[in-house]
Every structure is written in structure tokens, then in C-alpha cells.
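Reading through the C-alpha cells given below for one structure.
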Amino acid sequence: EFCKSIDSMCEVHETADSKCCSPMVCNTSKRYGKCAKCADKGNLCSSNTECCGKRCHDGRCK
Numbered sequence: 010e011f012c013k014s015i016d017s018m019c020e021v022h023e024t025a026d027s028k029c030c031s032p033m034v035c036n037t038s039k040r041y042g043k044c045a046k047c048a049d050k051g052n053l054c055s056s057n058t059e060c061c062g063k064r065c066h067d068g069r070c071k
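Residues 10 to 71 in the working numbering are what the sequence shown spells out, letter by letter.
This is the structure we're talking about:
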């Protein structure tokens, strides 16, 4: 299955064939961002593991 490498441009609502390679996440607070090992503070997330040493709360890294 195709996936995007680190620093590739990504979209928050990705289709299955354009998502970041696991376990990377789309590091963004808006719609577009870059694939990264984890998401920065204030960026979108769905679990704690997606955030860079932070907690995922209400869909954002805190």
C-alpha cells in the first residue's frame, strides 16, 4: 500500500492511498501539513501517541 515519506506534504483528511507511512502523522494545525514522526503542540491528533511527548485532548496536542 502506498504511503508518504517524512516531510512529504499531507492533508488532514487523507485518502487511504495518500496517508503518511505508519507510524508517522500529518503534522498540521490546519488542512495541509507535512508527514512527521509526531505532531507538535496545537496540532491535530486522535491519540496521545501522535503527539510529540504531549497529550491529545479534544483533537489537539496539548
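The beta-carbon is built from N, C-alpha and C at its ideal position, and this holds for glycine as well.
- Bounds of any beta strand (DSSP E) do not take in M33, whose DSSP letter is neither H nor E.
- When DSSP states are grouped into helix, strand and coil, E20 belongs to the strand group.
- Taking C-beta separations shorter than 6 Å and ignoring five residues to either side along the sequence, the partners of G42 in its chain run C19, C35, N36, following chain order.
- With contacts defined by Cβ atoms closer than 7 Å, N52 and S31 do not form a contacting pair.
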